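Novice: Protein chains in written order, with our numbering: chain A, 1 to 324; chain B, 1 to 331. Below you'll find the structure I mean.
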């Protein structure tokens with residue numbers, strides 16, 4: 001059974017200027033130990049999808065449709081008390097900005113033992129030991145000393161390790177990582193990716209890695225889902241998506257990434273900008289920037305169509321000329 | 001050939017002076033000292049006309065400080081910057097002004113680098129007007145022309161920066177730099193804050209402008225894949241020092257310095273799937289107390305005895321390729 005099944009998730013923000021459909025019909029499923037890369041540009045709804053799963057969407061935002069089945073239980077219907085039981089225990093999340101996620105006035109040990117004691121009846125002593133082992137597990141040298149430190153005394157990479165250690169304290173079934181390495185240097189990014197990957201593999205934790213950087217998830221994820229304007233436009237196994245993208249947006253995104261074999265040449269850019277979510281066009285949201293758009297694209301929203309192992313939301317995906 | 005831009009043995013130290021209480025305490029024998037950060041430590045670099053040089057390193061390695069010294073925003077503690085073979089600090093009057101106009105800078109954050117209370121036409125038009133590149137009558141056409149060149153609609157020039165998206169703002173920043181007809185641009189992480197699809201647009205713009213205006217660039221970035229794409233030559237910095245400099249293709253094909261190798265191996269790439277690798281250990285040390293000898297030795301897989309004792313000199317591997325590593329010299 002899959003750990004997480006999201007069906008037709010809609011999270012809308014009811015602002016004074018109008019309704020923003022930040023997430024508008026997202027479907028995916030995640031098995032135990034599976035790593036999914038959720039890729040998109042700013043405003044595509046990838047972070048809101050993560051927040052919706054944890055029930056962290058604040059007003060004026062609201063999950064207004066769909067189901068989020070976590071081991072068979074619908075989280076959309078769950079009470080706040082039930083969500084508190086799950087959050088930090090069965091489902092954990094790490095964020096981009098660790099200076100914001102760690103409490104600046106509490107020592108690391110206080111924050112870590114708190115995360116254990118909130119969900120389990122164990123002694124403080126035992127919680128402390130588990131916290132120390134957790135820090136050692138994510139590769140923090142001399143964890144006893146680090147436990148007594150405050151967040152500002154650690155570097156950005158160290159703080160992200162602490163955040164991962166906290167996320168794994170209760171052996172969650174699902175970890176949502178929202179751009180955890182965006183603010184870090186490449187060597188540190190490689191370390192963090194390595195730690196997260198190893199821990200997920202060891203413990204069978206399913207992982208959703210939210211990022212704008214296709215290159216990071218190419219080396220990490222089993223599957224990739226590409227989001228655009230609140231919808232998953234293409235999803236499938238990593239190799240298929242990277243080697244043979246079908247949706248014109250995925251093709252454009254991959255073409256925008258500088259790579260060795262096109263040195264010095266112009267990059268194939270996607271024209272225009274991400275659409276205004278308050279005034280989305282009728283039909284496909286990508287039509288104005290799409291090189292393959294036809295008049296019919298403006299009439300109706302393309303449904304998600306299965307092409308082999310992947311799903312594509314497009315009326316004329318790449319490769320459709322040769323498809324049976 | 002005289003290089004367009006040359007920096008000779010340039011250093012920048014930031015000193016945190018002791019306050020009065022600190023001074024008194026120090027007099028009384030308390031063990032506190034002024035804190036000195038060696039942001040840039042004896043760096044030399046030459047950039048030929050028309051060349052695009054990529055300056056790469058992790059945060060805190062001094063790449064931005066070096067870029068700012070070249071752009072004239074910071075003054076070096078030691079060493080000098082030369083434009084066309086002449087020390088900029090020796091120039092005066094009109095020559096000095098011409099030199100500072102010839103070198104312009106584009107900043108990382110298009111939200112912080114534009115004055116929010118100025119309209120686009122003022123932001124772009126102010127400097128050329130002051131420096132007499134255009135007069136009041138011709139200003140409007142002058143601004144229109146530059147905005148068109150960077151791909152902005154001139155009819156938007158009465159707007160304020162907050163009315164634009166990140167990519168458009170970066171174009172305004174580029175227009176502002178181009179408005180004084182520079183020959184050399186320092187781009188400090190100029191596309192790091194932009195979305196992937198917008199990054200490609202701005203990167204393409206940089207390449208078009210290079211051809212159109214015959215520009216020379218110093219491209220400061222932490223992103224090796226971007227630098228690899230645009231630069232002819234790459235300079236790698238670590239904790240204030242240059243560790244390796246070579247033409248782009250040669251460097252990517254056969255990196256010599258252990259740090260360069262680590263960096264290249266750890267850049268995420270589309271063609272590398274499901275890797276199982278052990279990343280390089282440790283983090284960049286504090287520049288307040290850099291390690292002795294070679295700054296990289298605590299993280300280096302090939303560390304030897306002398307690495308912690310003496311700093312390795314820059315050795316020429318080829319005419320256009322320098323490496324600073326004891327291990328490399330031995331082999």
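Each residue gets a CB set at the ideal place from its N, CA and C atoms; glycine is no exception. As the structure is a prediction and not an experimental result, all values here were calculated from the model.
Can you tell me whether DSSP reads residue 252 of chain A as helix, strand or coil?
Specialist: Residue 252 of chain A falls in the helix class under three-state DSSP.
Novice: Less than 8 Å between C-beta atoms, sequence neighbours within five positions excluded: which residues of the same chain meet that for residue 309 of chain A?
Specialist: Closer than 8 Å at Cβ, skipping near neighbours: 236, 237 and 240.
Novice: Comparing the C-beta of residue 103 of chain A with each C-beta of chain B, is any distance below 8 Å?
Specialist: No, residue 103 of chain A lies away from the interface with chain B (no Cβ there is under 8 Å from its Cβ).
Novice: By DSSP, does residue 184 of chain B sit in helix, in strand, or in coil?
Specialist: Residue 184 of chain B falls in the strand class under three-state DSSP.
Novice: Name the DSSP bridge partner or partners of residue 316 of chain B?
Specialist: Answer is B/322.
Novice: Using a Cβ-Cβ cut-off of less than 9 Å, list which residues of the segment 260-275 of chain B approach chain A; keep chain order.
Specialist: Within the segment 260-275 of chain B, the residues whose Cβ lies closer than 9 Å to some Cβ of chain A are 262, 263, 265, 266, 267, 268, 269, 270, 271, 272, 273, 274 and 275, listed in chain order.
Novice: Where do the N-terminal and C-terminal ends of the alpha helix (DSSP H) with residue 286 of chain A fall, by residue?
Specialist: Counting along the chain, residue 286 of chain A falls outside any alpha helix (DSSP H), and DSSP gives it neither H nor E.
Novice: Return the residue from the list B/318, B/312, B/319 and B/227 that minimises the CA-CA distance to residue 330 of chain B.
Specialist: Selected option, being the one with the closest Cα: B/312.
Novice: I'd like to confirm the pairing. Which residues does DSSP put opposite residue 87 of chain B in its beta bridges?
Specialist: Paired residues: B/82.
Novice: Considering only DSSP beta bridges, list what residue 38 of chain B is partnered with.
Specialist: Beta-bridge pairing links residue 38 of chain B to B/13.
Novice: By Cβ distance below 6 Å, which residues in the same chain neighbour residue 323 of chain A in space, the five residues on each side in sequence not counted?
Specialist: The predicted model places residue 323 of chain A with a pLDDT of 45, which falls under 50 and marks its position as unreliable; any figure quoted below should be read in that light. Cβ neighbours of residue 323 of chain A beyond the five flanking positions: none.
Novice: To which residues of the same chain is residue 107 of chain B closer than 6 Å at the C-beta, ignoring the five residues directly before and after it?
Specialist: These residues qualify, in order along the chain: 113 and 188.
Novice: Pick out whichever of A/5, A/44 and A/26 has its Cα sitting closest to the Cα of residue 277 of chain A.
Specialist: Checked all of A/5, A/44 and A/26; the closest Cα to residue 277 of chain A is A/44.
Novice: If we require 4 or more residues per run, which alpha helix (DSSP H) segments fall completely within the segment 189-244 of chain A?
Specialist: The segment 189-244 of chain A contains these whole alpha helix (DSSP H) runs: 214-218 and 238-243.
Novice: So, with DSSP's three-state summary, where would you put residue 169 of chain A?
Specialist: Coil, per DSSP.
Novice: Residue 6 of chain A lies in the beta strand (DSSP E); which residues open and close that run?
Specialist: Looking at the DSSP string, the run of the beta strand (DSSP E) that includes residue 6 of chain A is 4-15.
Novice: For a contact meaning CB atoms closer than 9 Å, what does residue 41 of chain A contact in chain B?
Specialist: Those are 195, 196, 197 and 198, listed as they occur along chain B.
Novice: Answer yes if the segment 163-174 of chain A comes into contact with the segment 108-125 of chain A, meaning at least three C-beta pairs across the two stretches below 8 Å, and no otherwise.
Specialist: The segment 108-125 of chain A, when compared against the segment 163-174 of chain A, does touch it at the 8 Å Cβ threshold.
Novice: Counting only C-beta atoms, is residue 226 of chain B closer than 8 Å to chain A at any point?
Specialist: Chain A, which has a Cβ nearer than 8 Å to the Cβ of residue 226 of chain B, makes this yes.
Novice: For the beta strand (DSSP E) that contains residue 35 of chain A, what are its first and last residues?
Specialist: Run containing residue 35 of chain A: 35-39, per the beta strand (DSSP E) assignment.
Novice: Would you check if the distance between the CB atom of residue 53 of chain A and the CB atom of residue 177 of chain A is smaller than 8 Å?
Specialist: No, the pair does not count as a contact, with Cβ atoms beyond the cut-off.
Novice: Closer than 8 Å by beta-carbon distance: list the chain B residues that pair up with residue 157 of chain A, in chain order.
Specialist: Per Cβ cutoff of 8 Å: 283.
Novice: If you run the structure through DSSP and keep just helix, strand and coil, what is residue 323 of chain A?
Specialist: Note on residue 323 of chain A: pLDDT 45, under 50, position unreliable in the model; no value is reported.
Novice: State the Cα-Cα distance for the pair residue 105 of chain B and residue 68 of chain B, rounded to the nearest angstrom.
Specialist: Those two C-alpha atoms are separated by around 8 Å.
Novice: Identify whether residue 62 of chain A lies in helix, strand or coil by the three-state DSSP scheme.
Specialist: Here residue 62 of chain A sits in strand by DSSP.
Novice: For residue 165 of chain B, which residues in chain A fall below 7 Å Cβ to Cβ?
Specialist: Under the 7 Å cutoff, chain A gives 273.
Novice: Report back the beta-carbon spacing between residue 27 of chain A and residue 6 of chain A to the nearest angstrom; my notes put them in contact at under 8 Å.
Specialist: Their Cβ separation, rounded to whole angstroms, is 6 Å, which keeps residue 27 of chain A and residue 6 of chain A in contact under 8 Å.
Novice: Exposed or buried, which one is residue 111 of chain B when buried takes at least 16 other CB atoms within 10 Å?
Specialist: Label assigned to residue 111 of chain B: exposed.
Novice: Would you check if there are 3 or more beta carbon pairs closer than 8 Å linking the segment 205-217 of chain B to the segment 177-186 of chain B?
Specialist: Flag = yes, the segment 205-217 of chain B and the segment 177-186 of chain B touch.
Novice: Quick check on the DSSP output: the alpha helix (DSSP H) that includes residue 105 of chain B runs from which residue to which?
Specialist: Unbroken run through residue 105 of chain B is the beta strand (DSSP E), 103-106; no alpha helix (DSSP H).
Novice: On a Cα-Cα basis, can you pick out the residue from A/160, A/166, A/49 and A/280 that is closest to residue 190 of chain A?
Specialist: Considering only alpha carbons, the answer is A/160.
Novice: Roughly how many angstroms lie between the CA atoms of residue 204 of chain B and residue 254 of chain A, to the nearest whole one?
Specialist: So the two alpha carbons sit approximately 15 Å from each other.
Novice: Is it right to say residue 64 of chain B is buried, meaning 16 or more other beta carbons lie within 10 angstroms of its own, or is it exposed?
Specialist: Answer is buried; the Cβ neighbour count reaches 16.
Novice: Does the pairing of the segment 81-90 of chain B with the segment 242-257 of chain B give three or more beta-carbon distances under 8 Å?
Specialist: No, they do not touch.
Novice: Answer with yes or no whether the minimum CB distance from residue 207 of chain B to chain A is below 8 Å.
Specialist: Yes - at least one Cβ of chain A is within 8 Å of the one on residue 207 of chain B.
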